[in-house]
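Residue numbers (our numbering): 4 to 777. Note that CB positions come from ideal geometry on N, CA and C, so glycine has one too.
Here it is as structure tokens:
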């Protein structure tokens, strides 16, 4: 077993799924239980969704839009919602679920005796699960990894004594409608079937390679007898990506068996570590806590034990899970990442676009995993294609739109009947902003021109056509809603469907701002169509409702100051302007920032933050407000109340966005880079007096390392990837800068007494930033 701090470890096998340990390669995922007599490895393939693509457009949609808007403006909420339910919701209503691939079961045949020295571990530094124990005087060991390079899950089994490995392995899917197959010459078994009518055809296959002893196929079992060592390879494929899943799996297994476990392991570690190893974090050690198994360590933390190292582990675990569930060529991480043991998972384990998918990718850029963001961009390409039809048919608009949920087939219609959520046409606009964020972090103008800007423009064109003028002359969305909240009119009538929810205006502001800045970067001055588009956007952005303060002192959630029916609601969507948006900052808009604080305090006083993802977003809000103590309080609450024994986020039930949101939030406490500034240690709590982090990325194309001591900055290093100008702030003291060879830039000298430092760096150049007290 490893001695790294970056590990989850346990002294017993997992009894239930939320105790098992996850591995993944983006396309393939597995949960390792670590049993002694029987090993259970639950399997997933990212494109195994039930059913096929469907045409869902409601033929009444385009005819009813004007009437629904009129009813909303007249305050006839019940009539508007009824009309919208009948005419805007898709036919049929619901999308089908992401499903489990099945299970691999290993049954071991060895003398019946007690085990000792048992340990089950996930090593985050290598991306490998290890199970080890002593039985009848023999040391048994298993390694399990998911290789992105070779497209297999590999399970290596060894024993301390030659000829000591005897076991049987088989693949299971329940319920199963399909066929089982086998190849006897190269011991291989497989299962193939179809995932529902019109759904993908799939195959999962297993092969064993032994050293010493023998292996054969008996029925649908792989049977190993008296081996010194054995390696199982698992492959899976569906017709989402290939025409012949069985042939594809056999080819993958042939290649893996020919390559061998040693080289597969080496290449997996090299590939994985190139991503994971970019960021390191130390928040201080608590030796007593670090000696405990992870489940006991978590229990100690929940009882009030000090353990900053557990928070650092949770941070790195989130990065690990993103690498494992989202790689180049895979689908994006869904509500459960890639790990799902059900045919009917909660919320279909789909892609929710009113916070959850976006939160999954908040750590991608800041935590130096930009490549893991790419599956979102691939999904956006398909959403844009289907969403242009939805925009035209439902709203009579240009561009593209998507609503609150989507699936394998990039569905964009109004899905479902849950009225507080479904009629919300801003999912595409919000998700498109992830392209802009990717550009802002890497400053790649080719990416901006060829990939990001076309989608940003199409999302903006939809809004330009969808926005309508209200009684005050403002441009507002209608019909829409504030996810997934309810308001009350002065006459006592309640509603969900509304005119101009604040989140919509804030998303529109962020999108229009991105379009204007992108046009300036790409220099479309000679293109009449682009100039006309720019004028449309510039005219519209100033007419959007601005964030406003309501009678209770908080930010208004709707364009009118309505009463909230549920003041402790889990969604706090109207703080989008604080995070992930940047319309509100404490220094730039202090009154609005104070109102955002009031909003948070009111939500929390009424029971808010009761889901894992909501708590993670709350940490982000406090970090943006510069309140490190509140941020740490709620980050700690996230681990105390909203994670499972294997540190999976708990909605409840399991939902992975809390992991990703928590990781991004911790990074935001230590480094922020919005509104044209890089903020060093903006929300450092007193409980982390000493620490260091390396490899965080900032907007503007830079990487930042930080060290602090006694609660104050000790040293920072900023490396510019492509060159540029930077404004750096540290509130604790003035800043000085020097290069590695001791040269002190002129601008840095002039700024010694200031908390703001302005630097221009060349590509690849780095500076050391030091506090300048006095």
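Is the region 450-463 in contact with the region 36-47, if contact means three or more CB pairs nearer than 8 Å? no
How close, in whole Å, do the beta carbons of residue 252 and residue 238 come, if the pair is a contact with beta carbons under 8 Å? The count along the chain shown starts at 1 and reaches residue 252 at position 249. The count along the chain shown starts at 1 and reaches residue 238 at position 235. Correct: roughly 4 Å between the Cβ atoms.
Taking the alpha-carbon positions, what's the residue 3 to residue 486 distance? Outside the displayed range of the chain (4 to 777) lies residue 3, so it cannot be described from this structure.
Whole-angstrom distance between residue 547 and residue 511, CA atom to CA atom: Within the chain shown, residue 511 is the residue found at index 508, counting from 1. Within the chain shown, residue 547 is the residue found at index 544, counting from 1. Between residue 511 and residue 547, the C-alpha separation is close to 8 Å.
Beta-carbon proximity check, residue 406 vs residue 427, cutoff 7 Å: What you label residue 406 is simply residue 403 of the chain shown in a count that begins at 1. What you label residue 427 is simply residue 424 of the chain shown in a count that begins at 1. Yes.
Start-end ranges of the beta strand (DSSP E) lying completely within the region 84-127, minimum 3 residues: 105-111, 118-126
Given 8 Å as the limit, is there contact between the region 297-317 and the region 378-397, that is, 3 or more CB pairs closer than that? no
Taking the alpha carbon of residue 679 as the point to measure from, which residue in 599, 713, 443, 78 has its own alpha carbon closest? Taking the chain shown and counting its residues from 1, the one referred to as residue 679 is at position 676. Looking at the Cα atoms, 443 is the closest of the given residues.
Residue closest to residue 481, alpha-carbon to alpha-carbon, out of 13, 625, 507, 494: On the chain shown, residue 481 is found 478 positions in, with the first residue counted as 1. Selected option, being the one with the closest Cα: 507.
Classify residue 632 as buried or exposed, calling it buried when 16 or more other Cβ atoms lie within 10 Å of its own Cβ. Numbered from its first residue, the chain shown carries residue 632 at position 629. Exposed, since its Cβ has fewer than 16 Cβ neighbours within 10 Å.
If I'm right that residue 172 touches residue 211 with Cβ under 8 Å, what's the distance once you round it to whole angstroms? Position 169 of the chain shown holds residue 172. Position 208 of the chain shown holds residue 211. Contact holds; Cβ gap of about 7 Å.
List the DSSP bridge partners of residue 355. The residue labelled residue 355 in the question sits at position 352 within the chain shown. Note: residue 355 sits in a beta bridge opposite 408.
Within this structure, are the beta carbons of residue 169 and residue 344 separated by less than 7 Å? By one-based count along the chain shown, residue 169 stands at place 166. By one-based count along the chain shown, residue 344 stands at place 341. Going by C-beta atoms, residue 169 is not nearer than 7 Å to residue 344.
Alpha helix (DSSP H) containing residue 320: first to last residue? The residue you call residue 320 lines up with position 317 of the chain shown. Unbroken alpha helix (DSSP H) run through residue 320: 311-328.
Helix, strand or coil at residue 252 according to DSSP, with G and I counted as helix: Working through the chain shown from its first residue, we reach residue 252 at position 249. Residue state, collapsed to three classes: helix.
Between residue 11 and residue 297, how many whole angstroms is the CB-CB distance? I'm expecting something under 8 Å. Within the chain shown, residue 11 is the residue found at index 8, counting from 1. Within the chain shown, residue 297 is the residue found at index 294, counting from 1. Right, the Cβ-Cβ distance comes to about 5 Å (below 8 Å), so this counts as a contact.
Buried or exposed: residue 221, going by 16 or more other Cβ atoms within 10 Å of its Cβ? The sequence position of residue 221 within the chain shown is 218, counting from 1. That one is exposed.
From 175, 446, 358, 153, pick the residue whose C-alpha is nearest to that of residue 726; which is it? Mapped onto the chain shown, residue 726 falls at position 723. That would be 446, whose Cα lies nearest to the Cα of residue 726.
Measure the CB-CB distance between residue 707 and residue 674 and report whether it falls below 7 Å. Locating residue 707 in the chain shown gives position 704, where the first residue counts as 1. Locating residue 674 in the chain shown gives position 671, where the first residue counts as 1. Against a cut-off of 7 Å, the Cβ pair of residue 674 and residue 707 comes out as a contact.
Span separating the alpha-carbon of residue 161 from that of residue 183: One-based indexing of the chain shown puts residue 161 at position 158. One-based indexing of the chain shown puts residue 183 at position 180. The alpha-carbon atoms of residue 161 and residue 183 are separated by roughly 28 Å.
Rounded distance between the beta-carbons of residue 505 and residue 559, thought under 8 Å: Indexing the chain shown from 1 puts residue 559 at position 556. Indexing the chain shown from 1 puts residue 505 at position 502. Going by Cβ atoms, the distance from residue 559 to residue 505 rounds to 6 Å, so yes, they are a contact pair.
Is it right to say residue 774 is buried, meaning 16 or more other beta carbons lie within 10 angstroms of its own, or is it exposed? Residue numbering aside, residue 774 sits at position 771 when the chain shown is read from its first letter. Flag for residue 774 reads buried.
Quick one: does the C-beta of residue 122 sit closer than 6 Å to a heavy atom of the ligand PLP? This structure lacks the ligand PLP, and indeed carries no ligand of any kind.
Please name the residue, chosen from 281, 13, 623, that lies closest to residue 293 on a Cα-to-Cα basis. Reading the chain shown from its first residue, position 290 is the one you call residue 293. Closest option to residue 293, Cα to Cα, is 13.
Would you call the CB atoms of residue 759 and residue 732 closer than 7 Å? Walking along the chain shown from the start, residue 759 turns up at place 756. Walking along the chain shown from the start, residue 732 turns up at place 729. Their beta carbons are under 7 Å apart, which means residue 759 touches residue 732 by this criterion.
Flag this pair as touching only if the region 610-629 and the region 642-658 have three or more C-beta atom pairs under 8 Å; answer yes or no. yes
Hey, quick one: how far does the beta strand (DSSP E) through residue 575 stretch, first residue to last? On the chain shown, residue 575 is found 572 positions in, with the first residue counted as 1. Note, residue 575: premise wrong, no beta strand (DSSP E); not H, not E.
Which of the three DSSP states is assigned to residue 231 in this structure? In the chain shown, the residue the question calls residue 231 occupies position 228. In this structure, residue 231 counts as coil in the three-state DSSP scheme.
Within 10 angstroms of its Cβ, does residue 545 collect 16 or more other Cβ (buried), or is it exposed? Your numbering for residue 545 matches position 542 in the chain shown. With fewer than 16 other Cβ atoms within 10 Å, it is exposed.
Proximity winner among 139, 155, 138, 132, relative to residue 145 (alpha-carbon distances): Stepping through the chain shown from its first residue, residue 145 is reached at position 142. The option with the nearest alpha carbon to residue 145 is 132.
Please report the straight-line C-alpha distance between residue 151 and residue 324, rounded to a whole angstrom. In the chain shown, counting from the first residue as 1, residue 151 sits at position 148. In the chain shown, counting from the first residue as 1, residue 324 sits at position 321. Computed Cα separation, rounded: 14 Å.
When the Cα of residue 700 is compared with those of 720, 743, 517, 334, which residue comes out closest? Sequence index remark: in the chain shown, residue 700 carries index 697 (1-based). The residue with the shortest Cα to Cα distance from residue 700 is 720.
Interface flag, residue 363 vs chain D, CB-CB below 7 Å: Although the question refers to chain D, the structure presented lacks it and comprises just one protein chain.
Going by DSSP in three states, residue 551 sits in which element: helix, strand or coil? On the chain shown, position 548 is the one that residue 551 refers to. In the structure shown, residue 551 sits in coil (DSSP, three-state: anything other than H, G, I, E or B).
Below 8 Å on the Cβ atoms is my guess for residue 649 versus residue 24; work out the distance and round it to an integer in Å. Here the question's residue 649 lines up with position 646 in the chain shown. Here the question's residue 24 lines up with position 21 in the chain shown. About 6 Å; that satisfies the 8 Å criterion.
So what's residue 750 in DSSP terms, helix, strand or just coil? Translated into the one-based positions of the chain shown, residue 750 becomes position 747. With a pLDDT of 48 at residue 750, under the threshold of 50, the modelled position of this residue cannot be trusted; read the value that follows with caution. The answer is helix: DSSP assigns residue 750 an H, G or I state.
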